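Quick notes on the structure that follows.
Numbering (this note's numbering), first residue to last: 566 to 692.
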């Protein structure tokens, strides 16, 4: 049997689609996956707003995830991957929003605790 007659012999994607359409399809799929993965953190942002940062991820997890996203962004820039750049920008923005809300609510709670402890000592001194 002649190997050139086999349909599986030369299944190169460039021969089927051509190089340019393949690159367009590849980047379109990458951008779609980046956008859908970036949307993944929006429910966490909403939960963080509703629960005032109590029921979201731990600070250490968010910091490590942010560092990982920054390193992935640098890597994506070095290899010129538009879809990965878009994904990492989405992730960095979402993680930063969650971290800012968590910090605001944490310091607000800490301030309230300090004020209430100061009020207790003032009340005890008055009695």
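For every residue, glycine included, the Cβ atom is placed at its ideal position computed from N, Cα and C. On a predicted model such as this, the values are computed, not experimentally measured, just so you know.
Counting along the chain, where does the alpha helix (DSSP H) carrying residue 625 start and finish? On the chain shown, position 60 is the one that residue 625 refers to. Counting along the chain, the alpha helix (DSSP H) containing residue 625 begins and ends at 624-644.
Measuring straight from C-alpha to C-alpha, what distance separates residue 673 and residue 621? The residue you call residue 673 lines up with position 108 of the chain shown. The residue you call residue 621 lines up with position 56 of the chain shown. Approximately 16 Å, taken between the alpha carbons.
Below 8 Å CB to CB, which residues in the same chain sit around residue 591 once its five sequence neighbours on both sides are set aside? By 1-based counting over the chain shown, the position of residue 591 is 26. So no residue of the chain qualifies.
When the Cα atoms are used, what is the spatial distance from residue 670 to residue 617? The residue you call residue 670 lines up with position 105 of the chain shown. The residue you call residue 617 lines up with position 52 of the chain shown. Between residue 670 and residue 617, the C-alpha separation is close to 6 Å.
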